[in-house]
Amino acid sequence: MINLKKVAAFCCLMLAISLQMFAAVASQNQPTLTLKEALNKASRQFHVSFIYEDELISNKRVDNPADDSFKKVEDYLSVVLKPYNLKFRKLGGSQYAIYGTSDKTKEKDKTNHVAPEEAVSDQAASQKPAVQMIQVQINRSVDTSGADLRVLVGVVTDESMAPVSSATIMVPGTKYMTVTGRGGDFAIKVPVNATKIQVSCIAYESQVLPVNNAVYYRVALKDKTGYLKPVEVVSTGYVNLPKERATGSFGVVTAKELEKIPSANVINRLEGMVPGLQMQLTAGDNSFVYDNVTPAPASNTRTIGANNYNFNIRGTTTLQSETSPLVVVDGFPTEFDLKTLNPNDIEQITFLRDAAAASIWGARAANGVIVIQTKKGRLRTPVVNFGVAYSTQARPDIGYLKLMNSAQALAFDKELVDKGIVTAASYNPYTSGIKYYVDKGVDLAFQLKSGRITQSEYDTKVAELSKRNNYSQLSDYLMQSANAQNYNLSVSGGTDVHTYYLSGAYSKENTSTVGNYGERINLVANQEFKILKKITLGVSLKGAFFNYANNGIGLTPLANGSNTFMPYDDIHDNFYYSIGEHYADSLENLGYRNWSYNYLDELKMNSKYTHDNNYSGTITLDIPIYKGVGFNAAYMQERDFFTIRNMQNVNSFYVRNLYNKGTVMDGTTLTNNFPDGGILQATNNNMNNYSVRGQFTYNRSIKEDHQISALAGMEARQTLNSANSYTIYGYNPQTGIGVTTAYGTYYETMDYSGGYLGGYPTQTDYLKRYLSYYGNAAYTYKGKYTLSGSVRYDDYNNFGLDKKYRARPFWSSGLSWNVGKEGFMQDVTWVNSLRVRGTFGVNGNINQDLRPFTNIALLGSDDQTGLPYATVTSPANPALKWENTYVTNFGIDYGLLNGRLSGTIDLYNKKGSDIIYYLEVNPALLGASNSVYRNGVTMSNRGIDLGVSGAIVDTKNLGWNMGINFSYNINKVTSNLLKPTSSFYSSFSGVIVGYASDAVFAYRNAGLDSLGWTRIYDQNGNKVRANSTVTDMGAVKYMGRRSAPVYGSLQNTFRYKNWSMFVLATYSFGSVFRAPVATQYPTSRKLYYNTSADIAKRWQKAGDEANTIVPGIAGSYAAVSVFRYAYSDVNIQPGDYIRLREISLSYQLPSEMAGKVFAKNIKISGAVRNLGLIWKKNKLGLDPDYVPALASTVLHLPATPQYNLMLNVGF
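In case it helps, the working numbering puts the sequence shown at residues 3 to 1213.
In structure tokens:
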């Protein structure tokens, strides 16, 4: 039977299609069309729609464009609209707005934050409208009240041109209003006679805008500086969570907060920003040019600036394993240092502080996790940002070191000779070796003692030298003013199917050491592609490329050793650090090469350069499956190519010294046994790391009351670090060729001790593999009550084949209660939000250098035999286990007084068990070693973290916002298999039960005896001399901790109209440090010079003990005596301080001024960093973060103020 309804419907459909085709054909044949017909034709041909007012196109005709004349709708519209002076603007997707112009709309708008269509950017125009208009036209209409209406469309952004969603647009005093969509766009009907609209949004200043004949408006809202924006989203690295549904303890630093501190290294920008983060910055003259790049503790892959910064989250939880937090960048752990990141590319940094936040990262989460998210593209037309910055600072003050002056140093030299500490036997080159350099003061004392000069001659020369104070020469010739320059350029934008963020940056730093500088180039390309409308493909490529020059000498001449620069030395002179000047001249006359050392000549010949190229790439695929179920796959790879080339010039002291040592005289004939020419020393490190991950996710709300989010997946990870080194002798840099070398060849030396040509090519490889399974879930009921849980199972190859060693589960659970949403809180109007949360879980850590089985490492070829050799790096330890940290956290988040006051309070307790530490054993069991490592220590960290922010003043033109961070940490060792032994009292290294792991102990000083030796009190309170052994804890006194238990920051932001000022102060209370005094005197022919001014106060004769506590230099127990003095309580100083770290001032140019140079926003800023200590508790004038240690190879002086000037422009 024929279905008449279906037949009728089919006929109607065919009729409609026929009429449509007829209309199209008819229009093609007409010479002219109405403008409305022309727009309809464009809609059919280009599949677009239009928004316009009917009055604009009525009674207008245009020439009929040929169908094949235009390939783009924009070209078509330009032709048909031109006769009537009409314009168009793309609104997003496939929609266009048609509008007219008049003299009024051509006038420049006087409002700072709105522009008529002529000033609207392509970015604003490409936003997708909040209201999806499906009609082709918008007629002026009359509402129920009889008002004649028109339509306005536009976009709302912030000052950085990022879209602002959920902003309210309304006509004041009327019912007409709308809100912006995700892209910041809007469409609103307004009365024809409306003269203004108001745009407002929480956290932004409201704007009242004049309405003219324009149909399209762009509005840029200013941030309300005093308003405290809540951090809505936190990231664990695996998933982003609304903060109100997170049970863990998170700290968040946004891109806007990072902008407040102008530094090329993000490390410097984090200081004082988050409660619980304790930082120590020890290099103030650079940011990414580290003094020394070293492997991180217990890590063969990751490198850190060990001499430039140190930081931890909530104290120390390990003793021999890695202490730094795990760093995650865009969802994957990284082995790169943070200096590889351009701070301007970072969108947000989240600190995971407790088990619930960090347990999903498993074995490396015990120290906390730092999750970094880089910027990504947004749905908008291209936005270009350019920034340039320059900084400069004076050279550091060398006078801070408190050294002996020339007269004091000469007196010290003479006493060394008079009391037989330095003996005349040093003059015999063939019986004492060839290192017998003596400084001028010692040489004069020897000449006097041997009768080669008279007392009068000695006094005259000493008086002349005493007038010198040439430490300033080191500053003048080896130090300089530091400066840096940074350039940043980024482009971001996107469409419905593709978003992108591209950036490039160049930085150069000249440090305060002459000859040391560094360059860095950063490149980032973050892109996302929509596939089949639902699947998202993410591709991220990053590169960081460094070039370093490390040719400086700096402050190393002041370090202890036989080549210490004395205050009476002249830097222009030649020094004979390898052989006495008296013999050098005669040997040179016999044919030896010049054997002198000259600081200024060496500075010119140094040639040590480092190239470090870092690459990383990430691919992610997000596939929604069904009703909240999704699948995510990701792959990340890191590559690092690190090369050091140290070219020792043929005329350098290093090469001349080796050449002369290898030159032997037989009668009158000189035989050269050492290769002639330069020496090239090269080191190459290649790192290749990858991670691959697959996980299922589930996010769904059920009947509005139930919210469930979960994920489960697995991850495989590998790190491979390969290193090789080689030495080329007789190297000619012009030809790039050296001599053929038989490494390990024995050659005779002038002192007959012999030598071997070392520098065999070496190759080492470190491979580590991880396999992990993990899951995380959270359930929220009615938006008030959340239950969360997380588990991770880590498997690690370096613990062997047995899973009982390799694998370890880590887990956490948490609860939160959003009290502020309860009904009984609705009448408490001064409380805006209140949330209580609690968590418990287990995190882990591992020492990557230890094994449960005997580990033998092939180290290369023996210098003498050339044969491969190996060593036992760690003996079998079948009881070795993972370290565990049990973490309990209770927290409160609150917002009061309409957002004017907000903050967090966290109480935590971290209990570490199975912590790895050394245990002394009989050396006969392990050969040369007298200790093994065992899981033998337990430790606790308890504390509180507070963060408070308040808008003290909040008006339209004036604002004052204050933030306070406060942290208190109590660390205690609760058990230790190793009891204090004699080694503790000789070095004070070790952990003691009942005290902090960084506890500082000291002898109780009892003054000097009649021989000038230090006396201390024993466990019974009796005074004992240096020749008495002390092996009881009662003989030492607990003085405090090296790290401050109380620390935090105070931040103030002031705003006046377009001006803004930021002030950062940090504080540290409760720590102690040892004063920089001599810990060792010269003994025998070892000229171990410590030029500390404290030495000038030493005991020299009987009776001095009544006036000084600095011991004398002579006697069989002088070494014990000076050690006990240095490590006694009289030299312990409090480390409390308050530091003014940063002051910055910025000015945002008005929009009309920026528009004159075709910019959307321009900000000019200036900042001063390292302003010094506001207050310190110690009376020695020392900065606790810069305590001089002359025994160190790297000396840091307090940073001088750094002056910065910045310009940022947005287009």
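Virtual Cβ for every residue (Gly too), placed ideally from N, Cα, C.
Close CB contacts of residue 64 within its chain, under the 7 Å cut and outside five residues either way in sequence, are with 34, 35, 37, 40, 82, 85 (chain order). The closest CA to that of residue 1073, considering only 535, 1084, 973, 624, is found on 973. The continuous beta strand (DSSP E) containing residue 172 extends over residues 170 to 172.
In this structure, DSSP gives residue 78 a helical state, which the three-state scheme calls helix. Look at residue 280 here: in three-state DSSP terms it is strand.
Rounded to whole angstroms, residue 950 and residue 540 show a C-alpha spacing of 37 Å. Burial is judged here by how many other beta carbons sit within 10 angstroms of a residue's own beta carbon; residue 76 has fewer than 16 and is exposed. Note: residue 791 is bridge-paired with 779, 815 in the DSSP secondary-structure output. According to the DSSP assignment, residue 1165 belongs to the beta strand (DSSP E) that extends over 1163 to 1178. Boundaries of the alpha helix (DSSP H) around residue 1153: 1153 to 1157. Contact annotation: residue 505 and residue 490 have beta-carbon atoms nearer than 9 Å. A distance below 6 Å between beta-carbons, with the five flanking residues on each side excluded, links residue 340 to the following residues of its chain, in chain order: 268, 269. Non-local beta-carbon contacts of residue 517 in its own chain, meaning distances under 8 Å to residues more than five positions away in sequence, involve 551, 552, 553, 554, 555, 605, 608 in chain order. Beta-bridge pairing by DSSP links residue 885 to 847. Straight across, the Cα-Cα distance linking residue 520 with residue 512 is about 7 Å. Segment contact: the segment 478 to 486 against the segment 390 to 401, three or more CB-CB distances shorter than 8 Å; contact assigned. With contact defined as three or more Cβ pairs closer than 8 Å, the segment 737 to 753 and the segment 713 to 725 are not in contact. Under the three-state reduction of DSSP, residue 253 is assigned to strand.
Nearest Cα to residue 1203 within the set 796, 398, 625, 367: 398. In this chain, the alpha helix (DSSP H) harbouring residue 607 covers 601 to 607.
Per DSSP, the continuous beta strand (DSSP E) segment holding residue 1008 begins and ends at 1007 to 1010. Fully enclosed beta strand (DSSP E) runs of no fewer than 3 residues occupy 1061 to 1071, 1074 to 1076 of the segment 1050 to 1088, in order along the chain. Secondary-structure assignment with DSSP links residue 191 through a beta bridge to 153. In this structure residue 416 is not in contact with residue 453, their Cβ atoms being roughly 15 Å apart against a cut-off of 8 Å. Taken in chain order, the complete beta strand (DSSP E) segments of 3 or more residues contained in the segment 483 to 522 are 484 to 496, 500 to 512. Each of 91, 1097, 695 was checked against the Cα of residue 219, and the nearest Cα belongs to 91. Cβ contact annotation for residue 1138 (same chain, cutoff 6 Å, sequence separation greater than five): 1071, 1179, in chain order. Boundaries cannot be given for residue 455, as no beta strand (DSSP E) includes it and DSSP labels it neither H nor E. For the pair residue 376 and residue 254, the CB atoms are not nearer than the 9 Å cut-off.
Distances from the CA of residue 958 to each of 150, 198, 202 were compared; the closest alpha carbon is that of 202. Taking 9 Å as the cut-off, the Cβ atoms of residue 460 and residue 480 do not count as close. Taking C-alpha positions only, residue 904 is separated from residue 789 by approximately 24 Å. Residue 1188 and residue 569 have their C-alpha atoms spaced approximately 22 Å apart. Setting aside the 5 residues that flank it on each side, residue 329 is surrounded in the same chain by 336, 372, each with a C-beta closer than 6 Å to its C-beta; the list follows chain order.
Taking the Cα positions, residue 813 is about 15 Å away from residue 913. Rounded to whole angstroms, residue 61 and residue 498 show a C-alpha spacing of 36 Å.
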